[in-house]
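Engineer: Take any residue in the sequence shown, note its place counting from 1, add 14, and you have its number in my numbering.
First, the structure itself, so that you have it in front of you.
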Amino acid sequence: MDSPEATLEELRAKRRLLRAESTRVMHWQRLVRARIDLAVAGALLPERLGVDIAAPLTPADTAYLPDHRHLAQVVRGTAVAAGVFDLGELRDLEERLRDYANVVRTHLELTTNLIVNRLAAEHQADSPDLAPAS
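The following block contains the structure:
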């Protein structure tokens, strides 16, 4: 409880301290929530990347693919680190995953376009009277 003698400046200072503390509390809450999410997700890691999709990708495309063991190890963390991750390593993995996602997305778009073009050509062949006028 504030004393009635507290000046406006003292109250402002206290408010600043409380706002800073509130920010720290929210930060810790996010960290705890993130660690919980990682613990749960780390218990059931997704399957290895690039296994089922290897045929449509070239070796140059898969150069972006991070090593599965390394990816799993960094995501799960180590007992020694107790949840402290190397930010540089995480950023590197994030960048590699982003690049790999772009490669996969590009191939997906190309494949989708091929399918759409093929279906359109088949539909046009089945219905020649619906073909666009030249």
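Each residue gets a CB set at the ideal place from its N, CA and C atoms; glycine is no exception.
It should be emphasised that the depicted structure is a prediction, and the values quoted were computed from it without experimental measurement.
Suppose contacts are defined by Cβ-Cβ distances below 8 Å. Is Asp75 in contact with Val117 by that definition?
Structural biologist: For Asp75 and Val117, yes; Cβs fall inside 8 Å.
Engineer: Should the stretch 103-114 be called in touch with the stretch 82-89, which here means at least 3 C-beta pairs below 8 Å?
Structural biologist: At 8 Å Cβ cutoff, the stretches touch.
Engineer: In this structure, does DSSP put Ser141 in helix, strand or coil?
Structural biologist: Here Ser141 sits in coil by DSSP.
Engineer: Just verifying my parser: in three-state terms, what is the DSSP assignment at Arg112?
Structural biologist: The answer is helix: DSSP assigns Arg112 an H, G or I state.
Engineer: Leaving out the 5 sequence neighbours to the left and right, which residues in its chain are closer than 7 Å to Leu111 when beta-carbon positions are compared?
Structural biologist: If we look at Leu111 and ignore the five residues flanking it on each side, its Cβ neighbours are Pro80.
Engineer: Quick one: Cα of Asp66 to Cα of Arg119, how far?
Structural biologist: Rounded to the nearest angstrom, the two C-alpha atoms are 15 Å apart.
Engineer: Which residue wins for smallest C-alpha separation from Glu109, given the options Gln138, Ala77 and Thr125?
Structural biologist: Of the listed residues, the one whose Cα sits closest to Glu109 is Ala77.
Engineer: In whole angstroms, what is the alpha-carbon distance linking Leu22 and His41?
Structural biologist: About 28 Å.
Engineer: Please state whether DSSP places Glu35 in a helix, a strand or coil.
Structural biologist: The answer is helix: DSSP assigns Glu35 an H, G or I state.
Engineer: Would you kindly check if the distance between the Cβ of Val89 and the Cβ of Leu52 is under 8 Å?
Structural biologist: Contact: yes.
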